[in-house]
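S.K.:
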Amino acid sequence: MKIIFLGAPGAGKGTQAEIVSERLGVPTISTGAIIRAAVKSGTEMGTKAKKFIDAGQLVPDDVVIGIISERLSCEDCRNGYILDGFPRTVPQAEALDKMGVTLDAVVSLEVSDETIVKRMSGRRVCDKCGASYHVDHNPSEDGVNCDKCHTPLSLRRDDAPEVVKNRLEVYHSTTEPLKSYYAEKGILKLVSGQEKIEDTTALTLSVLGVN
Ligand code: AMP
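The sequence shown runs 1406 to 1616 under the numbering used here.
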């Protein structure tokens, strides 16, 4: 299956994408994670992208489209994938169409801005493997280190309140129009984000028709 997860930053796209991808046995491709890895390793693309990420702005379309077209041509994408955080603009969605990708579903996780702002302050991430936790809703086992690789968890710089405000504005102005784009194609599925991760997963699997 080829599925897109849409949603505001902090809506739970990454968490749900990981769960559904394990269930379906297909990879999750997160443009945010790929870009953060490039920033960390100081590549040319990473250096260019850093200023956009730190300001809560989108990285230019040509950069992310290049990342995605390269990643989707990898062997592990042959049987499908879940896209987490791509596309985020109409030109990116059009580029995906031009690549000949036929999507099965686009899941939009619906969460209010108020809830997002509250959630983001509790999010903790592992800089080494990219795993994501939440101090209240999804803590790591000991609350301070990553369960997978035992690295101390940290706050993402772009989860700072003023940056979150920018990211939400960008989401509403630039990414949310993708809901109509995919609704017109008849593949948009709305899922109301629940407080408990497993409740959102149950709704997500149900709209995807996966038991
Ligand atoms: P995320 O981890 O998905 O929240 O992405 C973190 C940041 O990476 C975003 O705020 C953007 O600056 C950048 N980014 C990730 N995906 C995209 C995309 N599809 N288009 C543009 N910028 C992106």
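For glycine and all other residues, C-beta sits at the position ideal for the given N, C-alpha and C. Just so we're clear, the structure is a prediction, and the values are computed from it rather than from any experiment.
When burial is assigned at 16 or more other CB atoms within 10 Å of the CB, is Cys-1479 buried or exposed?
M.R.: As a working note, residue 1479 is residue 74 in the sequence shown. That one is exposed.
S.K.: Which residue comes first and which comes last in the beta strand (DSSP E) that contains Ala-1510?
M.R.: Here residue 1510 corresponds to residue number 105 of the sequence shown, with the count starting at 1. It spans 1510-1515 - the beta strand (DSSP E) in which Ala-1510 sits, taken as one unbroken run.
S.K.: Closer than 8 Å to a non-hydrogen atom of ligand 1 - does that hold for the CB of Pro-1402?
M.R.: The question about residue 1402 has no answer, for the chain in this structure spans 1406 to 1616.
S.K.: On a CA-only basis, which of Ala-1536, Met-1406, Gly-1415, Glu-1423 is nearest Thr-1520? Give me that one, please.
M.R.: Locating residue 1520 in the sequence shown gives position 115, counting from the first residue. Measuring from the Cα of Thr-1520, the nearest candidate turns out to be Gly-1415.
S.K.: Check whether the region 1467-1484 and the region 1576-1590 are in contact - that is, three or more C-beta pairs closer than 8 Å.
M.R.: no
S.K.: For Lys-1407, name the three-state secondary structure that DSSP assigns.
M.R.: Taking the sequence shown and counting its residues from 1, one reaches residue 1407 at position 2. Correct three-state label for Lys-1407: strand.
S.K.: Taking buried to mean at least 16 other C-beta atoms within 10 Å of its own C-beta, is Lys-1594 buried or exposed?
M.R.: The residue given as residue 1594 occupies position 189 in the sequence shown. Looking at its Cβ environment, which holds 16 or more other Cβ atoms inside 10 Å, Lys-1594 is buried.
S.K.: Compare the C-alpha of Gly-1417 against each of Val-1522, Val-1615, Pro-1566 and name the closest.
M.R.: For the purposes of this step, residue 1417 is taken as the residue at position 12 of the sequence shown. Nearest C-alpha to Gly-1417: Val-1522.
S.K.: Do the region 1480-1488 and the region 1422-1437 make contact, defined as three or more Cβ pairs closer than 8 Å?
M.R.: yes
S.K.: Can you tell me whether Met-1504 is buried or exposed? The criterion is at least 16 other CB atoms within 10 Å of its CB, across all chains shown.
M.R.: Numbered from its first residue, the sequence shown carries residue 1504 at position 99. That one is exposed.
S.K.: Enumerate, from N- to C-terminal direction, the unbroken beta strand (DSSP E) stretches of 3 or more residues contained entirely within the region 1485-1563.
M.R.: 1486-1489, 1510-1515, 1528-1530, 1537-1539
S.K.: Taking the alpha-carbon positions, what's the Gln-1497 to Asp-1604 distance?
M.R.: The residue labelled residue 1497 in the question sits at position 92 within the sequence shown. The residue labelled residue 1604 in the question sits at position 199 within the sequence shown. One C-alpha to the other measures close to 30 Å.
S.K.: Ser-1371: beta carbon under 8 Å from a heavy atom of ligand 1?
M.R.: The structure shown has nothing for residue 1371, since the chain only spans 1406 to 1616.
S.K.: May I have the straight-line CA-CA distance separating Arg-1375 from Lys-1590, to the nearest angstrom?
M.R.: There is simply no residue 1375 to check, as the chain begins at 1406 and stops at 1616 in what is shown.
S.K.: For Ala-1500 and Asp-1564, what's the separation of their Cα atoms in angstroms?
M.R.: Residue 1500 sits at position 95 when you count from the first residue of the sequence shown. Residue 1564 sits at position 159 when you count from the first residue of the sequence shown. When rounded, the distance between both Cα atoms is 28 Å.
S.K.: Quick one: residues in its chain with C-beta nearer than 6 Å to the C-beta of Leu-1608, no 5 flanking neighbours on either side, listed in chain order?
M.R.: Within the sequence shown, numbered from 1, the residue matching residue 1608 stands at position 203. Excluding sequence neighbours, Leu-1608 sits near Val-1596.
S.K.: Pull up the distance between the alpha-carbon of Phe-1410 and that of Ile-1470, whole angstroms please.
M.R.: Reading the sequence shown from its first residue, position 5 is the one you call residue 1410. Reading the sequence shown from its first residue, position 65 is the one you call residue 1470. The straight-line gap from Cα to Cα measures roughly 17 Å.
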